[in-house]
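Chains as they are written, first to last, in my numbering: chain C, 294 to 552; chain H, 294 to 552.
The C-beta atom is built at its ideal place from N, Cα and C for all residues, glycine as well.
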């Protein structure tokens, strides 16, 4: 991992380290630069506002992202932008082998009750903050159950999101994702971009609520995120699902070469 | 704030800063050393296990706490121990004026629905992690409502905890707190110590569940935490409550001089 400094420095007294008070974004680095940079900076701004965290000027963040992208010459990469009260910086690294494999081969996905009925007004679930330990704990738990990833369910049975990805599914010719505004989940950058371009493949994009039982009956299920792009659920709660011919088409639409 | 290094150093690639993967404890520094050091190190160990985070040997953490305590000579103080995958260190600083005032004068407390029905198996709510942004966001929200602090309610109406404190109340001659094991909340170090010594004042200590409505009818309500000790709720959801004669007695039992 390479670190590209922005300004300031990490200190032991930074609320970023003491209280996880910071925001981040992960972007897919491509030969032509960071993918969806504008959209990720928009979400970073939204996250910072929820956390009441001052951000450096946008031009400075854009320049940092470009500098970081220039520092990476080893094919597709992962760019992370981090902003805390004391510092901001970027890191670049290889896309994890797991992410590439899950994009290529799909995943085993389990649903699990998250115990959440509604998000309280102070919730930061709609912000991408560095208070991220529980997201990673949920993924570790899923792996202990023998699954690659987990889909969180609300107490009423509706699907919310995965710890590090958005839910996308195909039903008829409608490509769907979960409405972030209505549920308080993190608005998915990759999912939103995908839905905005669905028409190019003759599909219709729509935000909808869906239960785990309804999801099992859909044509295809994916987790959408910056580095994986789309990871198709090849099993849902243990039930095998046929590979969707749409996976390759949608990955190509998003500019992933599928290799 | 003074920083007392343990080992390692903060780096921009530390999962402590990237993902809030670290644990901490806050202790009250007294002339005779860190208060309840053994109990706080027990909880740190429990938190680290939930996070699957390796801890330095206990003797090393104890020595760090003692070194940090020796570095503080300005009266009562706040000692923080922080452990991330890359480093561990301590900080010492003054007890915030707010904490001293709330101990002395009490607080205005509001209850609010946290939207949580049950904690999922991967929950880190029982661990004191540095993924702490939402706790502080809840306190900011409470202040925007005109209150000093907030008490989280489960969807079934039972009280859980405050973002940075445990709930304690007196009913008859029973001093109560919320059972951590049953609810998945953080086990309160100060509250547990208080209940274990209740008999010295002729009281009985007990873990119980309580609803907000039932709480309003109790003799006294406090938030218990390391630096405040006990902060008595002088209003609950806007309703004035008479000052309890027990506040000074319990603070004295805990070794706070009340000044």
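Nearest-angstrom beta carbon gap, residue j and residue i [assumed within contact, 8 Å]
{"i": "residue 503 of chain H", "j": "residue 419 of chain H", "result": "In fact, because the Cβ distance is near 19 Å, the residues do not count as touching under 8 Å."}
{"i": "residue 464 of chain C", "j": "residue 500 of chain C", "result": "About 13 Å separates the two Cβ atoms, so there is no contact after all."}
{"i": "residue 407 of chain H", "j": "residue 447 of chain H", "result": "7 Å"}
{"i": "residue 473 of chain C", "j": "residue 404 of chain C", "result": "Contact doesn't hold; Cβ gap of about 19 Å is too wide."}
{"i": "residue 421 of chain H", "j": "residue 316 of chain H", "result": "6 Å"}
{"i": "residue 443 of chain C", "j": "residue 430 of chain C", "result": "The pair is not a contact, with the Cβ atoms about 11 Å apart (cut-off 8 Å)."}
{"i": "residue 532 of chain H", "j": "residue 509 of chain H", "result": "7 Å"}
DSSP state of residue i mapped onto helix, strand, coil
{"i": "residue 298 of chain C", "result": "strand"}
{"i": "residue 483 of chain C", "result": "helix"}
{"i": "residue 335 of chain C", "result": "helix"}
{"i": "residue 454 of chain H", "result": "coil"}
{"i": "residue 465 of chain H", "result": "coil"}
{"i": "residue 355 of chain C", "result": "helix"}
{"i": "residue 459 of chain H", "result": "strand"}
{"i": "residue 550 of chain C", "result": "coil"}
{"i": "residue 363 of chain C", "result": "helix"}
{"i": "residue 415 of chain C", "result": "coil"}
{"i": "residue 540 of chain H", "result": "helix"}
{"i": "residue 311 of chain C", "result": "helix"}
{"i": "residue 476 of chain H", "result": "helix"}
{"i": "residue 520 of chain H", "result": "coil"}
{"i": "residue 303 of chain C", "result": "coil"}
Spatial distance of residue i from residue j (CA atoms)
{"i": "residue 320 of chain C", "j": "residue 522 of chain C", "result": "10 Å"}
{"i": "residue 380 of chain C", "j": "residue 471 of chain H", "result": "39 Å"}
{"i": "residue 402 of chain H", "j": "residue 369 of chain H", "result": "25 Å"}
{"i": "residue 459 of chain H", "j": "residue 423 of chain H", "result": "18 Å"}
{"i": "residue 548 of chain H", "j": "residue 411 of chain H", "result": "36 Å"}
{"i": "residue 298 of chain C", "j": "residue 384 of chain C", "result": "8 Å"}
{"i": "residue 356 of chain H", "j": "residue 314 of chain C", "result": "29 Å"}
{"i": "residue 371 of chain H", "j": "residue 481 of chain H", "result": "17 Å"}
{"i": "residue 519 of chain H", "j": "residue 486 of chain H", "result": "11 Å"}
{"i": "residue 530 of chain H", "j": "residue 432 of chain H", "result": "15 Å"}
{"i": "residue 338 of chain C", "j": "residue 330 of chain C", "result": "12 Å"}
{"i": "residue 451 of chain C", "j": "residue 409 of chain H", "result": "15 Å"}
{"i": "residue 364 of chain C", "j": "residue 376 of chain C", "result": "19 Å"}
{"i": "residue 347 of chain H", "j": "residue 426 of chain C", "result": "15 Å"}
{"i": "residue 561 of chain H", "j": "residue 484 of chain H", "result": "Limits of chain H in this structure are 294 at one end and 552 at the other, which puts residue 561 of chain H out of reach."}
{"i": "residue 496 of chain H", "j": "residue 439 of chain C", "result": "49 Å"}
{"i": "residue 457 of chain H", "j": "residue 441 of chain H", "result": "12 Å"}
{"i": "residue 449 of chain H", "j": "residue 359 of chain C", "result": "50 Å"}
{"i": "residue 361 of chain H", "j": "residue 415 of chain C", "result": "34 Å"}
{"i": "residue 305 of chain H", "j": "residue 469 of chain H", "result": "43 Å"}
{"i": "residue 345 of chain C", "j": "residue 417 of chain C", "result": "11 Å"}
{"i": "residue 334 of chain C", "j": "residue 327 of chain C", "result": "11 Å"}
{"i": "residue 390 of chain H", "j": "residue 534 of chain H", "result": "23 Å"}
{"i": "residue 476 of chain C", "j": "residue 311 of chain C", "result": "29 Å"}
{"i": "residue 351 of chain C", "j": "residue 325 of chain H", "result": "50 Å"}
{"i": "residue 528 of chain H", "j": "residue 539 of chain C", "result": "59 Å"}
{"i": "residue 437 of chain H", "j": "residue 437 of chain C", "result": "41 Å"}
Residues that residue i bridges to, as DSSP identifies them
{"i": "residue 553 of chain H", "result": "One cannot answer for residue 553 of chain H here, as it falls past the ends of chain H, which runs 294 to 552."}
{"i": "residue 525 of chain H", "result": "H:515"}
{"i": "residue 345 of chain H", "result": "Paired residue(s): none; residue 345 of chain H is not in a bridge."}
{"i": "residue 323 of chain C", "result": "C:326"}
{"i": "residue 425 of chain C", "result": "Answer by DSSP bridge pairing: none, since residue 425 of chain C is not bridged."}
{"i": "residue 384 of chain H", "result": "H:296 and H:373"}
{"i": "residue 401 of chain C", "result": "C:528"}
{"i": "residue 497 of chain C", "result": "C:467"}
{"i": "residue 504 of chain H", "result": "H:451"}
{"i": "residue 406 of chain H", "result": "H:446"}
{"i": "residue 533 of chain H", "result": "H:528"}
Own chain, CB closer than 7 Å to residue i, minus 5 neighbours either side, in chain order
{"i": "residue 542 of chain C", "result": "494"}
{"i": "residue 524 of chain C", "result": "395, 396, 399, 400, 515 and 516"}
{"i": "residue 490 of chain C", "result": "546"}
{"i": "residue 454 of chain C", "result": "445, 460, 471, 478 and 479"}
{"i": "residue 336 of chain C", "result": "318, 421, 480 and 482"}
{"i": "residue 392 of chain C", "result": "520 and 521"}
{"i": "residue 309 of chain H", "result": "315, 377, 378, 379 and 423"}
{"i": "residue 343 of chain H", "result": "417, 419 and 420"}
{"i": "residue 367 of chain C", "result": "387"}
{"i": "residue 488 of chain H", "result": "468, 470 and 498"}
{"i": "residue 322 of chain C", "result": "362, 365, 369, 370, 371, 372 and 385"}
Cutoff 8 Å; reference residue i; Cβ partners in own chain excluding five residues on either side
{"i": "residue 537 of chain C", "result": "463, 512, 513 and 525"}
{"i": "residue 300 of chain H", "result": "349, 353, 380 and 381"}
6 Å Cβ shell around residue i - same chain, five flanking residues per side excluded
{"i": "residue 332 of chain C", "result": "482"}
{"i": "residue 303 of chain H", "result": "380"}
{"i": "residue 341 of chain C", "result": "316 and 348"}
{"i": "residue 294 of chain H", "result": "384 and 386"}
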